[in-house]
Amino acid sequence: MTTIMIDVVNVRKSFRGRPVLRSLNLTIKRGETMVIIGRSGCGKSVLLKHIVGLLKPDSGQVLVGGIDITKIHGRELDKIRLKFGMLFQGAALFDSLTVGENVGFLLNEHALFGPDEITRKVAESLAHVGLSGIEHMKPAELSGGMKKRVGLARAICHNPEVIFYDEPTTGIDPIMADVINNLIVALNKKLNTTSIVVTHDMVSAYKVATRIAMLYEGAIIAVGNPDEIRATDNPVVRQFITGAAEGPITEAEQRR
Amino acid sequence: MRDILLQTGRRFIAFLQYLGGLTSLSLLTLIWLFAAPFKWKYVIQQMKKIGYDSMPIVFLVALFTGIVLALQSAYQMQKISAEMYIASLVSLSMTRELGPVLTALVVAGRVGAAITAELGTMKVTEQIDALEAMAAPPVQHLVVPRFLASIFMLPLLTIYADAIGIFGGYLVGVYKLNLSSSIYINMSFDPLVMKDLMTGLYKTFFFAAIIALVGCFEGFQTEGGAEGVGLATTRSVVISFILIIATDCLFTVLFYFIF
Ligand SMILES: Nc1ncnc2c1ncn2[C@@H]1O[C@H](COP(=O)(O)OP(=O)(O)O)[C@@H](O)[C@H]1O
Ligand SMILES: [Mg+2]
């Protein structure tokens, strides 16, 4: 099965005249785990928000299962969003609700199951991220890493077809980060979900990726499987993956 | 000179854009009001926050206003030995004007600010994006309950303020000016007709809509972290105040010519 799940075509986006995405193209196949790497502030979260339809591009298309989601609104768009699960960079938990209500929010909101079934699914999702039995707590009582994991539990609770992870391992200790990497791989294998992972953690990238794409100056400058990326001769990608302080990326910045 | 004109023009366009944004949020709210069942749980939560929790401060403001109004008019009325009429003066000005407007201003300062701070924080921490991503329309979840709760509670709070204000006047009339209690009460309620109460209450529906919609709109527009939330909150209160006073003026003129 190599049908195309998501196709981002020539997307451009500026904020107040400052271009963030300049003609971005990216294709994601059904069932693969696409890892998007790039420096902080290069527009990775903005790209994810375009795919989920939270931001509209200035021009270009975002095709999800062949439907251009930049052209649809309201219920139609919501129907597609129910197939998505998204972990936000800052977790974005609702602080007026408990952890349990947060994780079960989508199931409750759309009455997808009865109350008992929802309680069971919430417990199951929390167990996946290693946080059993904290349903009654409020987000304000959690550490940053715990919030992230609750956000992840919320993203996977309704068994979405496509899961978006915005920096799933940032701010989490290395051991728990590996648990999350394993979870991403397992969800992908077991349920055949398509995953899009934004990260600048290369350990995590190599571990979970089917393919890796590098976002630089508003465009995807390289795509390939982990071995291809490791062996790249593109100097920009080289500097990023090796984490060198000197190279074309920093030189370009100094020139500005 | 040209700069001043350009500046003014730009301000004016920004103002029109603001009104446009506010209008489209109002329409969207009305659509959601009828398009989907209300989230009663949230409406009741908000009614408590907006109505019940505002009662102490509305009590104080209305009571002091009633007292001050009675004392200030006594200063004039005593000269012509017409203290009796203080009762009517207080009850009419409370129900027609001061009750509605003061309550609206107090609620705008207390509740409008809280709405903007809450929604603004949700905006900058991506909670509003999260709602949308989970196919839960933010207008339906956040604006409609606050709008409904304001519309229900502000008129009730206004009636409460009217009564407290009249009571404040009564305290002055009976204990300071030594009017008889029964005369004061008669003079308070005799000239008061339904029309007076109603002209006061009509306005409060509009004030309630202004408070809820401006509060939510500013919240949704918030950008840039904690500083942004602070700025949005201030703007929300200032804009609500201006719109409330302007609407009040408009209605007063309108009623003056119609009735
Ligand atoms: N809603 C917005 N309004 C204005 N600028 C934004 C907005 N969202 C993101 N940006 C800008 O776009 C750039 C990319 O941001 P982001 O996608 O969050 O970066 P990252 O790659 O670290 O996730 C940043 O410079 C940010 O300031
Ligand atoms: Mg980001």
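Residue numbers (numbering that gives the first Met the number 0), protein chains in the order written: chain A, 0 to 255; chain B, 0 to 258. Each residue gets a CB set at the ideal place from its N, CA and C atoms; glycine is no exception.
- If you check each beta-carbon in the region 114 to 138 of chain B against every beta-carbon of chain A, the ones closer than 9 angstroms belong to GLU117, THR120, MET121, THR124, GLU125, GLN126, ILE127, ASP128, ALA129, LEU130, GLU131, ALA132, MET133, ALA134, ALA135, PRO136.
- A contact is defined here as three or more CB-CB pairs under 8 angstroms, and the region 157 to 169 of chain B meets this definition with respect to the region 197 to 206 of chain B.
- In the displayed model, B/VAL237 falls within a helix according to three-state DSSP.
- In this structure, ligand 2 has no non-hydrogen atom nearer than 7 angstroms to the beta-carbon of A/GLN238.
- Taken in chain order, the unbroken stretches of alpha helix (DSSP H) that lie wholly in the region 102 to 128 of chain B and span 4 residues or more are 112 to 123.
- Annotation: Cβ neighbours of A/ALA91 in chain B (cutoff 7 angstroms, chain order): THR124, GLU125, GLN126, ASP128, ALA129.
- In the DSSP annotation of this structure, A/ARG229 is not part of any beta strand (DSSP E); the continuous alpha helix (DSSP H) holding it starts and ends at 225 to 229.
- B/ALA113 and B/LEU249 have their alpha carbons spaced roughly 27 angstroms apart.
- Residues close to ligand 1 by the beta carbon criterion (under 6 angstroms to any non-hydrogen atom) are, from first to last along the chain, A/PHE14, A/VAL19, A/GLY37, A/SER39, A/GLY40, A/CYS41, A/GLY42, A/LYS43, A/SER44, A/VAL45.
- Take the alpha-carbon of B/THR246 and the one of A/SER203: they are about 58 angstroms apart.
- Separation of the CB atoms of A/PRO56 and A/ASN101 is rounded to 30 angstroms, and the pair is thereby denied contact status at 8 angstroms.
- Residues of chain B with a Cβ closer than 9 angstroms to the Cβ of A/HIS109 are, in chain order, MET133, ALA134, ALA135.
- Judged by pairs of C-beta atoms under 8 angstroms, the region 157 to 168 of chain A does not touch the region 126 to 137 of chain A, as fewer than three such pairs exist.
- In the DSSP assignment, A/SER194 falls within the unbroken beta strand (DSSP E) covering 193 to 198.
- A Cβ-Cβ distance of about 5 angstroms is found for the pair B/ASP128 and A/LEU53, placing them in contact under the 8 angstroms criterion.
- For the options B/ALA134, B/VAL138, B/PHE216, B/ALA116, the alpha carbon positioned closest to that of B/GLU226 is the one of B/ALA116.
- B/LEU130 and B/PRO137 do touch by the CB rule: their CB atoms are close to 5 angstroms apart, below 8 angstroms.
- When the beta-carbon positions are compared, A/ILE248 and A/ILE240 stay at least 8 angstroms from each other.
- By alpha-carbon distance to A/VAL7, the top candidate from A/ALA251, A/PRO234, A/ALA212 is A/ALA212.
- Looking at the DSSP output, A/PRO18 sits in a beta bridge with A/SER13.
- Taking B/MET121 as the centre and dropping the five residues before and after it, the same chain places the C-beta of ILE127 closer than 6 angstroms to its C-beta, in chain order.
- Short note on A/ASP165: C-beta closer than 7 angstroms to some heavy atom of ligand 2.
- If only complete runs of 4 or more residues are kept, the region 15 to 73 of chain A shows the alpha helix (DSSP H) at 43 to 51, in order along the chain.
- At least one heavy atom of ligand 2 sits closer than 7 angstroms to the Cβ of A/GLN88.
- Its chain contains PRO18, VAL19, LEU20, ARG21, LEU23, GLY42 as the residues whose beta carbon lies nearer than 7 angstroms to that of A/GLY217, once the 5 sequence neighbours on both sides are disregarded; these appear in chain order.
- One thing to note: A/GLY246 has its Cβ within 8 angstroms of the Cβ of A/PRO234.
- Among the CB atoms of chain B, none fall inside 8 angstroms of the CB of A/LEU96.
- Using beta-carbon distances, A/MET85 counts as an interface residue toward chain B, with a partner under 8 angstroms.
- With 16 or more other Cβ atoms inside 10 Å of its own Cβ, A/ILE36 counts as buried.
- Taking a beta-carbon distance threshold of 8 angstroms, A/ASP77 counts as an interface residue toward chain B.
- Within the region 50 to 81 of chain A, those residues whose Cβ lies closer than 7 angstroms to any Cβ of chain B are, in chain order, VAL51, LEU53, ASP77, ARG80, LEU81.
- A/ARG210: not part of any alpha helix (DSSP H); member of the beta strand (DSSP E) spanning 210 to 215, first to last residue.
- Put simply, the CB of A/LEU125 is far from chain B, with every gap to its CB atoms at 8 angstroms or more.
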